[in-house]
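See below for the structure under consideration.
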Amino acid sequence: MFGTLYAGELKKQTNLKTVVIMAAIALLILIILAAVFDSVNELIFETDAGDLGISGDVVIPGEDVGETFTETWNYTEASVSAEITQCEYMLGELEARKEEDGSAYYRNSDYLYYMRARLALLEYIKEHELYNTDLAVYSDGSVVGMRSAGVTADTFCVFALSSLVFLVIIYGAIAAGSSYPDEFKQGTVKLLLLRPVTRNALTGAKLLAALTHVSAAYFICFLVSLGVSYAVFPVAHADTLFMFNGGAITVADNAAQIGIAFACNYVTVLVYTAIAFAIGALSRNKVFAIVTPVILIEVLGAILSMSGLGRFFIADAADWSKFAGLGSSLTGGSNFFISLAMTVLYTGGLLAAAFLVVDKKDVA
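The UniProt record's numbering puts the first residue of the sequence shown at 1, with every later residue one more than the last.
Shown next as structure tokens:
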């Protein structure tokens, strides 16, 4: 019976007009971004005469190994030791500054987090003796961040995907936020409950259908972004140090950032879709449910960040990409485990409330 409910909800939540409009907007965004960044590459080569003087093997579509895009760093034992000493000194200075800043520390970029991440990176290089080798660094926006001397397939894919995430969230909010309000408005929820199904089963089927819709939209956006990225932009390869949450470090090809961006953005999409669904079920108001994610992201998140409480709010907590250097800067006191706890608290709490209210409240 649940499978039948789920299939029915998938069909009801499918709005061909919305799909076509969203797809057209997404394609337009990708075309514009690709044109702009391709022009950036052309400008770089005109300026540098095609020789950027930076290490890394690059394969340009349709050509042999040619111009170099990926910026890498070559560490020596002496330079790492000197930087570690400097970081340890700066860390002490910044801890004193935190005391002076007081509550203002929590309203600004987390300079302590960044310095600790920088120190952790250098200690990792020292421990594993990664000297005299070309390395790119991708971390919490803190360290030498992997800067691109040109736009490569992997960097464009990450940027394009992050640009499309908000559009996917809107699509998910429309599908999820309309589910229960439309049923209540049309009075069809009573007919559904005449069948041998529980209210919780109905709510679960609606939620799963909404998450399926937004997942499909997100996967399609990702695949198209990936295709455009590797069709238009050069492919760069470099051993890259990836850091997560200021301490967990691993070495992988720079293309691994695509997988990191995919996973982090997917979490954000699912969270806001679930919130829109819960708000729709609780308020029975479609408009309120759809605009809530926008308000949370663009309005309340910014206000609470300025108050120093941003790290405890869902708009900040649901953005896990910043802990891998792919998102916005971290506000003072931020930590992945705080974000994880807040994400579970907000999303789980709202969904639990939605299930409870729908189960107990009169559907008339």
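Yeah, the Cβ is synthetic: ideal placement off N, Cα and C, and Gly gets one too.
Can you tell me whether residue 319 is buried or exposed, with buried defined as 16 or more other CB within 10 angstroms of its CB?
Walking along the sequence shown from the start, residue 319 turns up at place 319. Looking at its Cβ environment, which holds 16 or more other Cβ atoms inside 10 Å, residue 319 is buried.
Cutting at 8 Å between CB atoms, please list the residues of its own chain near residue 292, excluding the five before and the five after it.
As a first step, residue 292 is located in the sequence shown; it is residue number 292 there, counting from the start. Cβ neighbours of residue 292 beyond the five flanking positions: 173, 177, 275, 276, 279.
Just how far apart, CA to CA, sit residue 360 and residue 285?
As a working mapping, residue 360 is identified with position 360 in the sequence shown. As a working mapping, residue 285 is identified with position 285 in the sequence shown. Distance between the alpha carbons of residue 360 and residue 285 is about 18 Å.
Could you tell me whether the Cβ atoms of residue 9 and residue 289 are closer together than 8 Å?
In the sequence shown, the residue the question calls residue 9 occupies position 9. In the sequence shown, the residue the question calls residue 289 occupies position 289. No; because the gap between Cβ atoms is not below 8 Å, this pair is not in contact.
Same chain, Cβ closer than 7 Å to residue 62, neighbours up to 5 away in sequence not counted:
Stepping through the sequence shown from its first residue, residue 62 is reached at position 62. The predicted position of residue 62 is uncertain, since its pLDDT is 34 and thus under 50; no value can be drawn from it.
Which one of 189, 217, 362, 305 has the shortest CA to CA distance from residue 164?
Position 164 of the sequence shown, counted from the first residue, corresponds to residue 164. Cα-wise, what sits closest to residue 164 is 217.
I believe residue 296 touches residue 314 by the beta-carbon criterion, under 8 Å. Please report the beta-carbon distance rounded to the nearest angstrom.
Working through the sequence shown from its first residue, we reach residue 296 at position 296. Working through the sequence shown from its first residue, we reach residue 314 at position 314. Rounded, the Cβ-Cβ distance is 6 Å, consistent with contact.
Residue of 250, 31, 332 minimising C-alpha distance to residue 226
Position 226 of the sequence shown holds residue 226. Of the listed residues, the one whose Cα sits closest to residue 226 is 31.
Where residue 110 and residue 332 are concerned, what is the direct C-alpha to C-alpha distance, given to the nearest angstrom?
On the sequence shown, position 110 is the one that residue 110 refers to. On the sequence shown, position 332 is the one that residue 332 refers to. Rounded to whole angstroms, residue 110 to residue 332 spans 4 Å at the Cα level.
Whether or not the region 255-275 and the region 235-243 are in contact is what I'm after, with contact meaning three or more pairs of Cβ atoms, one per stretch, closer than 8 Å; do they touch?
yes
Meets three-Cβ-pair contact criterion under 8 Å: the region 243-251 and the region 118-125
yes
Strand pairing of residue 331, partner residues [DSSP]:
For this step, residue 331 is matched to residue 331 along the sequence shown. DSSP, once it has assigned bridges, lists 109 as partnering residue 331.
Taking the alpha helix (DSSP H) that residue 7 belongs to, which residues open and close that run?
Against the sequence shown, residue 7 aligns to sequence position 7. Unbroken alpha helix (DSSP H) run through residue 7: 2-13.
Among 192, 75, 330, whose alpha-carbon lies nearest the alpha-carbon of residue 133?
For the purposes of this step, residue 133 is taken as the residue at position 133 of the sequence shown. Closest by alpha carbon: 75.
Sequence-distant residues of its chain with Cβ nearer than 8 Å to residue 366 (five each side left out):
Residue 366 is absent from the structure shown; the chain starts at 1 and stops at 364.
Going by the DSSP bridge assignment, what does residue 74 pair with across the sheet?
As a first step, residue 74 must be located in the sequence shown, where it is residue number 74. Its beta-bridge partners are 134.
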